Amino acid sequence: MTISTSTSLWNYQLVDKVAYFSYPFTFEASFLHEDESAEALPEWPVLYCEVLSLDFWQRYCVEGYGAAVLPATPGSHTLTVSTWRPVELGTVAELRRFFLGGSLELEDLSYVRIPGTFKGERLSRFGLRTETTGSVTFRLHCLQQSRAFMESSSLRRRMRSVLDRLEGFSQQSSVHNVLEAFRRARRRMQEARGSLPQDLVSPSGTVVS
56 MTISTSTSLW NYQLVDKVAY FSYPFTFEAS FLHEDESAEA LPEWPVLYCE VLSLDFWQRY
116 CVEGYGAAVL PATPGSHTLT VSTWRPVELG TVAELRRFFL GGSLELEDLS YVRIPGTFKG
176 ERLSRFGLRT ETTGSVTFRL HCLQQSRAFM ESSSLRRRMR SVLDRLEGFS QQSSVHNVLE
236 AFRRARRRMQ EARGSLPQDL VSPSGTVVS
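Read in our numbering, the sequence shown has 108 at position 53, and its numbers run on one by one without any break.
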């Protein structure tokens, strides 16, 4: 069956039980690194996802949570995020979810990975009952911009400009050396002619053998 929503069009295949959303979205993350202390080392961005369901009977349920670190290199990437959801003890909770909808939800989405309020060394989720619910696949096209890239490109341009100038100087120096050698050879020839007796030199300026 095919269902259209306000943000996407997805197709649910009953054979492989895969829902294809194909909804593109863009976002931009920026970071200005001013504090270079060890405590201020930045963390790479994390993509969090929450899968929800709403059926014909308006039963709303949380189907899963997941998180993945964004690729650190530019280009096209495919990420598959495994999802899970918290569950309640007992059969009554599952029956209520099936017939009435509703389920446990996380108050803080960052708890899927490392909570933003966590300050300790070890994170324990003892006592939290969960079950795996599937996976979500993202196709990402990443672009990166950095001042370091700009400075490196500017440095390459300056180096290329210096090399071009040096190459031009080298070519000018080579031409100058050829002309100077020609002048020296001509001067030596004129000096040799001047030292010859006049009766050996014809009026046209050539040497008679």
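Each residue gets a CB set at the ideal place from its N, CA and C atoms; glycine is no exception.
Owing to the predicted nature of the structure, the values given are computational and were not obtained by experimental measurement.
Counting of Cβ neighbours within 10 angstroms places G145 among the exposed residues, the total staying below 16.
Counting along the chain, no alpha helix (DSSP H) covers R180, and no H or E run does either. Take A127, set aside five residues on each side of it, and the residues of its chain with a beta-carbon closer than 8 Å to its own are W99, in chain order. Judged by their CB atoms, V142 and A122 are not nearer to each other than the 8 Å cut-off.
Distance from the CA of L134 to the CA of F154, rounded to the nearest whole angstrom, comes to 33 Å.
When only Cα atoms are considered, Y103 and W112 end up about 28 Å apart.
Collapsing the DSSP output to three states places S85 in coil.
Annotation: Q200 to W139 spans about 34 Å, alpha carbon to alpha carbon.
Residue pairing from DSSP places G130 in a beta bridge opposite C197.
With a contact defined as Cβ atoms closer than 8 Å, V191 and V106 qualify at about 7 Å. Scanning its chain for C-beta atoms nearer than 6 Å, with the 5 sequence neighbours on each side dropped, one finds around A84 the residues P100, in chain order. S165 carries a helical assignment under DSSP once its states are collapsed to helix, strand and coil. In the DSSP assignment, L159 falls outside any alpha helix (DSSP H), carrying neither H nor E.
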